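Protein chains in written order, with the numbering used here: chain A, 140 to 476; chain B, 140 to 476.
Where a beta carbon is used, it is the ideal one built from N, C-alpha and C, also for glycine.
If you're wondering where the values come from, they're calculated on a predicted model, not measured in any experiment.
Everything on this sheet refers to the single structure shown next.
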C-alpha cells in the first residue's frame with residue numbers, strides 16, 4: 140500500500156538485509172527497521188516488530204533465505220520456527236523454503252532460497268488482492284463492518300485478509316464504515332487497523348472491545364470480517380484473542396461472521412481447533428501500557444494470545460480461490476481443485 | 140472495608156464536607172478527597188472520583204444534604220441529578236432526600252437531610268452484607284468466578300454487590316478464585332476490582348476483556364457475577380459496557396450468569412432495558428490512557444458507558460431480600476412483600 144507517496148509491503152529484503160515497517164512503533168512513528176542476519180529477523184518476529192499471519196510468513200521466508208546465505212540453513216530454519224507457535228503461515232513458509240533448497244548447495248541453494256522467499260512474499264500480495272476482490276461482493280454501498288485486531292496489509296504484506304475486501308470495495312466506489320475493535324491487550328485495532336484505515340481514507344471508529352456487542356445488539360453492524368492465524372481442516376479457526384467472543388455475539392444477533400485467510404493459513408494436518416497450540420504471552424502486556432503499569436501493583440494477569448472459533452459460528456472463509464464454507468469437504472476441495 | 144488498619148466506606152461526611160476515596164487515583168494512590176459544597180460533590184460524581192451505582196447514590200445523598208445546609212435544596216438536587224444519566228441509585232437517593240425535607244424549613248430540614256443521607260449510606264452497607272450472605276450460597280469451595288468492572292465495596296460503600304458474595308464466602312472459609320475482566324476503557328477491573336481483591340486476600344487474575352470467552356469456553360469459569368446500574372421491571376439490566384458480551388458468552392457456554400444489586404437499583408417505572416438511557420462518554424477515554432494517546436492520531440472513537448443485558452441471559456438477581464429470578468412478577472413481588 141502507499142504511505143506518503145511510496146509503495147510498501149510489511150516486510151521486504153534489500154540485499155542480505157531484511158527490512159520491516161516497525162509495527163511496535165505504529166501509529167506514532169512510521170519507521171523502517173533493518174535486520175542483518177537470520178538471528179535478528181527471528182528476534183524481530185518473536186518481538187512482534189512484524190505480526191499478522193501472512194507478514195510473519197513472508198518475514199520467516201526472508202529470514203530463511205538469510206540463513207541459507209549465511210550457510211546456516213538447518214539451524215536457522217529451526218530458530219525461525221520457534222518464534223511464534225500459533226500462526227500456520229510461519230510453518231508453511233519454512234516448509235516451502237526447506238523444499239526449495241533441498242538437495243541444493245552453495246550458490247544454487249542461495250539463488251533458490253532468494254527466489255522462493257520472493258515468491259512467498261509475492262503470493263501474499265496477490266492472494267490479498269484476490270481475497271479483496273472475492274470478499275467485496277459481501278459489502279454493499281454503505282455497509283458497516285466490524286473487525287477485530289489487524290488483518291490488513293500490515294498483517295499480510297499488501298492488501299491484507301479481513302481488510303482487503305474493504306479496500307477493494309472502496310476502489311469500486313462503495314462506501315464502507317468500519318468499527319475497529321481496539322483489541323486489547325496489544326491494541327492492534329486502535330493502533331494498526333485505525334492507522335491503515337485512516338491512511339486509505341476509509342471511514343471508521345475505534346471502539347473498546349467491550350462495545351462490539353452493544354453495536355451488534357443495536358443493529359449497527361451488517362457484517363463481521365476477521366483474519367485467522369490458523370484454519371483447521373474442520374473449519375475451526377484460531378485468531379487473536381477475543382475473536383471467539385465476537386463470533387458468538389454475531390451469531391446471537393444474526394450477523395454474518397466471515398473469516399478472511401489465504402490457503403496458506405489452512406492447516407490440513409490440523410483436524411480441529413482444539414488441536415491448535417495457543418500462545419501464552421507475557422502478563423506484562425495486560426498489566427502495562429507503554430511501560431506504565433495500569434493494573435493493581437500486587438495483581439497478576441493471564442494473557443492468552445489467541446482463541447479458537449468453532450466452525451459453526453463462521454458463515455464463510457474468504458480465500459484467494461473464492462468464498463468457501465467452513466466444512467471439511469469444501470476446505471479439502473479447494474486444495475484438490 | 141479495612142484498608143491498612145482503618146475501616147472505610149467509599150464516601151462519608153465530615154461536618155459539611157463530603158469525603159471520598161479518590162477512585163481515579165487507585166490503585167496507584169490511596170488518597171482521600173474532600174468536597175466542601177454540593178457543587179464540588181456533583182462535579183466529583185460527574186468526573187468519577189466516586190463511581191458504582193450504590194456509592195453514587197450515597198454521594199448524591201450527602202451532596203443533597205450539603206445543598207440543604209447551603210439553603211440551595213431545589214437547585215442543588217437538580218445539579219446532582221444531572222451528573223450521570225444511567226445509574227438508578229442516583230435518582231432513587233435524590234427522591235428519598237426530596238421526600239425527607241419536603242415541607243420542612245431551616246434547621247428542621249437540615250437535620251432531616253443529614254439523617255436521611257446517613258440512612259441511605261447505611262442501607263448500602265447493610266444491603267451489601269445481605270447480598271453477600273444470600274449470594275455466597277452460589278459459591279462452593281474452590282469456585283471460579285468471572286466478574287466485570289467493579290461492583291465491590293468501592294462501588295457500594297462497603298461490601299459491594301457482585302463482590303460481596305465472594306467476601307462473604309471467604310469469611311465462611313471457602314476459597315474462591317476470581318477472573319477480573321480489566322474492563323476497558325476505564326479499567327475498573329484491573330485497577331479497582333484487582334485492588335479490592337488483593338486487599339482482601341482473594342486469589343485472582345486480571346484478564347483482557349477479550350479473554351473472558353476463552354476461559355468460559357475452556358470450562359474454567361463456574362459462575363459469572365456482575366453488578367448493575369439499573370434494573371428494569373422486566374428484569375433487563377444496564378451495567379458497564381461489555382456486560383452484555385459476557386452474558387451472551389455465559390449462556391452459550393452453559394455458565395450461570397448472576398446480577399447482584401440492591402432493590403434501590405431496580406426501577407419499577409422503567410418497563411424494559413431499551414428504555415434505559417445509555418451514557419455516551421468522552422472518546423478520549425478510549426483513545427488515551429493516563430494522558431498518553433494510544434490510538435492512531437487521526438482516528439476517532441465511540442464510547443458508550445453501559446449496555447443492556449436482556450433478562451433471558453440472567454439466571455438470577457441477588458438482592459438484600461434474597462435471590463430472585465429476572466421476571467416481572469418476582470421483581471414486583473419483592474417490593475410488595
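Hey, could you find the ends of the beta strand (DSSP E) residue 195(B) is sitting in? Per DSSP, residue 195(B) lies in no beta strand (DSSP E) segment; the continuous alpha helix (DSSP H) that holds it begins and ends at 192–208.
Based on DSSP bridge pairs, tell me the residues matched to residue 419(A). 443(A)
Look up residue 271(B) in the DSSP assignment and say whether it is helix, strand or coil. helix
Could you check whether the Cβ of residue 454(B) sits closer than 9 Å to any Cβ belonging to chain A? In terms of beta-carbon proximity, residue 454(B) stays away from the interface with chain A, with every pair separated by 9 Å or more.
Determine whether the beta carbon atoms of residue 442(A) and residue 384(B) lie at a separation below 9 Å. no
Answer with yes or no whether the minimum CB distance from residue 406(A) to chain B is below 9 Å. no
Which whole-angstrom value describes the C-beta separation of residue 365(B) and residue 290(B), a residue pair presumed to lie in contact below a C-beta threshold of 8 Å? 6 Å
Please compile the residues from chain B whose C-beta is within a distance smaller than 7 Å of the C-beta of residue 271(A). Correct list: empty, because the minimum Cβ distance to chain B is about 21 Å.
Can you have a look at residue 394(A) and say buried or exposed, based on whether 16 or more other CB atoms are within 10 angstroms of its CB? buried
I'd like to know whether the C-beta of residue 442(B) is nearer than 9 Å to at least one C-beta of chain A. Chain A, which has a Cβ nearer than 9 Å to the Cβ of residue 442(B), makes this yes.
Got a sec, what are the start and stop residues for the alpha helix (DSSP H) residue 287(A) sits in? Looking at the DSSP string, residue 287(A) is not in any alpha helix (DSSP H), and its letter there is neither H nor E.
Chain A beta carbons: is any one of them nearer than 9 Å to that of residue 472(B)? no
Would DSSP call residue 432(B) helix, strand or coil? strand
How far does the alpha helix (DSSP H) with residue 334(A) in it extend, from its first residue to its last? 333–338
Alpha carbon of residue 544(B) to alpha carbon of residue 342(B), nearest angstrom: The structure shown does not extend to residue 544(B), since chain B is modelled only from 140 through 476, so no value can be given for it.
Taking all protein chains shown into account, decide if residue 218(B) is buried (16 or more other Cβ within 10 angstroms of its Cβ) or exposed. buried
Taking the alpha-carbon of residue 326(A) as reference, which of 166(A), 170(A), 152(A), 154(A) has the nearest alpha-carbon? 166(A)
So is the beta-carbon of residue 381(A) under 8 Å away from any non-hydrogen atom of the ligand SAH? The ligand SAH is absent from the structure shown, which contains no ligand whatsoever.
Beta strand (DSSP E) runs wholly inside the stretch 300–327 of chain B, at least 3 long, in chain order: 315–320
Am I right that residue 457(A) and residue 305(A) are in contact with their C-beta atoms under 8 Å? What's the rounded C-beta distance? Not confirmed; about 12 Å, so no contact.
Where residue 261(B) and residue 400(B) are concerned, what is the direct C-alpha to C-alpha distance, given to the nearest angstrom? 15 Å
Could you work out which residues of chain B lie near residue 388(A), taking near to mean beta carbons separated by less than 7 Å? 384, 387
Residue closest to residue 254(B), alpha-carbon to alpha-carbon, out of 151(B), 474(B), 466(B): Ranking the options by Cα distance to residue 254(B), first place goes to 151(B).
Does DSSP put residue 438(A) in a helix, in a strand, or in coil? coil
Quick one: is residue 438(A) near chain B, going by C-beta distance under 9 Å? yes
At 7 Å on the CB atoms, spell out the chain B contacts of residue 352(A), in chain order. For residue 352(A), the chain B residues whose C-beta falls within less than 7 Å of its own C-beta are 383, 384, 387, 446, listed in chain order.
Span of the beta strand (DSSP E) holding residue 455(B)? Here the beta strand (DSSP E) through residue 455(B) covers 455–458.
Could you tell me whether the Cβ atoms of residue 352(A) and residue 287(A) are closer together than 9 Å? no
Within the continuous beta strand (DSSP E) that includes residue 343(A), where are the two ends? 343–346
Leaving out the 5 sequence neighbours to the left and right, which residues in its chain are closer than 7 Å to residue 359(B) when beta-carbon positions are compared? 283
Does any CB atom of chain A fall closer than 9 Å to the CB of residue 348(B)? yes
Taking Cβ positions, are residue 205(B) and residue 215(B) nearer each other than 9 Å? yes
Are there 16 or more other CB atoms within 10 angstroms of the CB of residue 375(B), so buried, or fewer, so exposed? buried
Identity of the residues DSSP links to residue 156(B) by a beta bridge: 153(B)
Taking only three categories from DSSP, how would you classify residue 378(B)? strand
In this structure, does DSSP put residue 215(A) in helix, strand or coil? helix
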